[in-house]
Amino acid sequence: MAAARTSAALEIRKLRKKLRQIENLERIDRELTDDEYYKIDKKDKTRENLLRLLATQNEEESEGSITASTKSEISGQGQNTSSIATDDFSASYSEADLGNVEVTVIEHEDLNDFEQIDVEELEVEEQEDDVILKGSHTVRAESADTSLRSTEITNSPEPVPSSADSQTKAKSVSSTSDSPQKAKSSGSPTKKKAKKNEQSGKDCAKLKAVIHRWRQCRFGVVEMEGHSDLITDVCADGKLLVSASRDTTLKLWDLDTLTEVHSYGGHTGTVTSVVILNRDDSLKVCESVDVDVGERIVISGSLDCSYKVWCTGLDVIIPPSTVIRGGQALRSVYTYNPVTRVGFHSAAGAIVTGSDGGKVELWDAKSGENLESTRQFDSAITGLKVHGGLVYCCSEEGLVKMFDVKDGHLSCLFASENVKPAPGCNLTERPIRGMAVAMDTVYYGDEGTNIKVLNWKKGEVSKLMNHSEEFGMTDSLCYHGDTLLASSYNLDTGKGSINVRYLPEGNYMSTLDDQETERIIAITSTTLSSDRITIVTAGLQLKIWTVEPTNSEGGGDLFSSKFITRLAGVAVDSEPESDTDFSESEPEEAGGPRVRRMGSNLSKKPEEASSWMSWCALL
């Protein structure tokens with residue numbers, strides 16, 4: 001029986017790796033081999049086999065649990081008082097050792113099947129009291145006996161003092177207030193501590209309010225139709241949304257009316273990246289290119305080796321009737337390299353591009369002149385953000401770099417080659433899929449199950465759990481106010497969802513899941529009103545997620561957010577991560593972590609049946 005279970009576990013792992021390889025093949029912008037096409041054709045069959053094995057495994061574990069429970073009851077009838085005392089001692093030891101954390105004991109058979117709990121079934125008020133600001137990242141507690149049942153540890157409040165302790169504390173406070181001389185002798189540290197406690201209380205109250213909102217929220221989902229191929233990127237600002245696609249077009253949408261406003265044609269290859277400039281930056285660019293009216297400016301990058309500057313036709317300072325150049329390409333610049341990411345540096349008045357060969361380039365927004373071109377990576381740039389006057393880039397080789405821009409030149413301030421993992425954390429170099437920057441911290445996702453948190457000032461990387469399954473991918477993240485929105489992809493089912501965390505502590509709050517969303521490879525968010533957040537996700541589907549206020553009267557079309565217990569726990573290494581970390585130098589096994597180079601910019605065959613495959617053939 002044990003041998004059969006081991007064999008089944010190995011087969012499950014093998015099928016999951018096959019699915020992950022197929023997912024990667026479907027996104028490559030190059031001509032595939034016949035063998036690669038064959039693998040993609042087997043995707044549905046591979047997933048069916050995987051789900052069948054998982055179902056069988058769950059049934060066997062359930063039967064084993066019942067058998068073990070029966071044996072335990074029989075043996076328990078003859079248990080003597082010494083063993084009871086031992087159990088009591090173990091329980092006491094665990095409580096004393098873990099201190100102020102709440103331990104949820106999870107039976108072995110439950111580890112691979114965490115239930116997703118509807119928020120309405122949770123006692124939210126009690127959970128909010130369990131949230132503390134201090135020590136917000138979950139911790140791992142070592143059991144005295146490693147053979148004991150696995151435990152999942154989450155944050156909980158400080159222990160509630162007994163009545164005697166409360167009286168003692170009250171007496172101490174009263175004594176302090178009655179003795180001003182003693183307080184004065186202690187000096188400013190007492191005042192600083194009181195001020196710190198007061199601020200901590202405010203922060204905790206804010207955190208509880210945000211968590212309450214996200215755990216109680218309901219949301220509606222609308223799918224927008226218009227693109228004929230994979231949607232590679234989205235950017236939203238106010239009511240404006242721009243989407244980029246492998247069908248070589250950009251589309252402008254109105255989020256108020258949920259309608260398509262304009263379709264932009266002009267690129268001859270996959271449009272990989274898009275950004276909407278804010279009102280002030282749009283006005284500056286309009287003036288620099290002699291546009292007489294104020295319009296919102298959009299910048300796009302493509303694998304056709306160009307970036308383009310567009311005007312939306314939606315004005316920023318005058319009535320719409322006076323707009324005269326809407327939907328036009330104001331400038332097209334040939335870059336000699338396929339462009340994978342674009343950004344805009346406001347202070348420098350420069351457009352920033354990243355290429356599939358690892359180049360970071362600066363372009364003058366007024367003249368289109370190339371100001372700087374430097375190869376910073378050995379593989380494709382997969383993320384580019386301009387934040388706080390700095391340029392952050394990440395790549396397929398698993399590196400993150402940060403640049404300052406002065407006098408039209410890039411100066412590298414940080415590179416992640418020598419970062420160290422946080423205590424108890426292993427790191428594996430993987431192709432980075434997406435990145436968000438908030439408060440000098442870089443959050444990035446890859447082919448693993450966790451979000452990586454890079455504190456570049458300390459040169460340290462920690463993790464936040466982003467999947468409740470053993471295999472998964474984090475393709476995209478975005479920062480909205482005090483929340484981090486991260487895409488999550490269940491490799492077993494082929495479905496995607498959105499996990500919401502509180503920043504900067506990283507507390508898990510809730511998951512948005514409509515059960516019908518496929519893999520999410522791009523995500524953005526905006527605020528249409530003070531109490532309504534709009535999230536946009538892209539992949540094969542372009543979806544608008546409207547998060548309604550907690551007091552709204554939702555209809556039957558609204559979904560409730562979910563709280564997945566495991567995501568509130570400590571991050572666990574992804575399947576391959578436990579095999580190889582930065583300190584090891586031996587080559588990877590087949591199917592393990594690897595540094596991949598992006599293929600050429602040739603698109604897929606038009607006749608391909610798989611919906612993830614590009615239909616556009618470049619001439």
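Mapping of the sequence shown onto the UniProt record's numbering: residues 1 to 619, in sequence order. All residues carry an ideal CB built from backbone N, CA and C; glycine is no exception.
Tell me, which residues are paired with residue i by DSSP?
i	result
Lys401	Cys393, Ala415
Pro431	According to DSSP, which records beta bridges pairwise, Pro431 is partnered with nothing at all.
Arg215	DSSP, once it has assigned bridges, lists no residue as partnering Arg215.
Tyr479	Leu484
Pro421	Val461
His262	Leu252
Asn507	Tyr502
Ser525	Ile535
Gly445	Gly434
Cys235	Val242
Asn455	Thr441, Glu460
Looking only at its chain, what residues have a beta carbon closer than 6 Å to the beta carbon of residue i, apart from the 5 residues adjacent to it on each side?
i	result
Arg375	Gly358, Lys359
Ser263	Thr249, Lys251
Glu36	Leu25
How close, in whole Å, do the beta carbons of residue i and residue j come, if the pair is a contact with beta carbons under 8 Å?
i	j	result
Asp422	Ser468	Contrary to the premise, residue 422 reads as Ala rather than Asp in this sequence. Ala422 to Ser468, Cβ: 21 Å. No contact.
Val309	Leu283	At roughly 14 Å, the Cβ-Cβ gap does not stay under 8 Å, so Val309 and Leu283 are not in contact.
Ile520	Asp475	6 Å
Lys43	Ile22	5 Å
Gly494	Ser488	Rounded, the Cβ-Cβ distance is 12 Å, inconsistent with contact.
Quick one: Cα of residue i to Cα of residue j, how far?
i	j	result
Tyr307	Val339	7 Å
Ala438	Tyr479	7 Å
Asp513	Leu32	33 Å
Thr6	Ala568	29 Å
Thr534	Leu528	7 Å
His409	Ala348	10 Å
residue 668	Lys401	Residue 668 cannot be examined here, being either before or after the span of the chain that is shown, 1 to 619.
Glu518	Gly354	27 Å
Thr249	Thr270	8 Å
residue 649	Trp456	With the chain represented from 1 up to 619, any question about residue 649 goes unanswered, as that position is not in the structure.
Thr526	Lys239	8 Å
Thr56	Ser62	10 Å
Leu484	Leu53	34 Å
Glu396	Lys406	27 Å
Ile432	Arg296	31 Å
Ser288	Ile28	37 Å
residue 632	Val386	Coverage of the chain is limited to positions 1 through 619, which leaves residue 632 absent and any answer about it impossible.
Ile381	Asp237	24 Å
Glu60	Ala8	11 Å
Ser367	Lys206	46 Å
Ala538	Phe471	21 Å
Thr190	Gly201	16 Å
Thr268	Glu369	22 Å
Ile211	Met509	6 Å
For a quick check, are the C-beta atoms of residue i and residue j less than 8 Å apart?
i	j	result
Glu548	Arg218	yes
Gly220	Asp557	yes
Leu25	Ile12	no
Thr272	Leu303	yes
Gly506	Leu464	yes
Leu255	Val222	no
Phe563	Arg215	yes
Val342	Leu384	yes
Cys412	Phe403	yes
Arg532	Thr546	yes
Cys311	Val275	no
Glu447	Arg20	yes
Leu51	Arg16	no
Ala522	Asp233	yes
Val536	Leu277	no
Please confirm whether residue i has its beta-carbon closer than 8 Å to some beta-carbon of chain C.
i	result
Lys284	Chain labels in this structure do not include chain C; a single protein chain is all it has.
Just to confirm my understanding: we take residue i, look at its own chain, exclude 5 residues before and 5 after, and list those with CB closer than 8 Å. What are they?
i	result
His227	Ser243, Ser245, Asp247, Thr249, Lys251, Leu542
Gly266	Lys308, Ala329, Ser332
Any heavy atom of the ligand MN within a distance shorter than 7 Å of the CB on residue i?
i	result
Thr272	The ligand MN is absent from the structure shown, which contains no ligands of any kind.
Using C-beta distances below 7 Å, list every residue in its chain close to residue i, excluding the 5 sequence neighbours before and after it, in chain order.
i	result
Glu372	Glu361, Leu362, Gly408, His409, Leu410
Asp88	The pLDDT assigned to Asp88 is 41, lower than 50, so where the model puts this residue is not dependable; a value taken from the coordinates is nonetheless given after this. Around Asp88: no qualifying Cβ.
Leu10	none
residue 654	It is not possible to answer for residue 654, since the shown part of the chain is limited to 1 through 619.
Phe377	Gly358, Ser395, Glu397, Leu399
Asn450	Lys463, Leu464, Met465, Asn466, Ala571, Ser574
Val261	Leu252, Trp253, Asp254
Arg47	Leu19, Gly494
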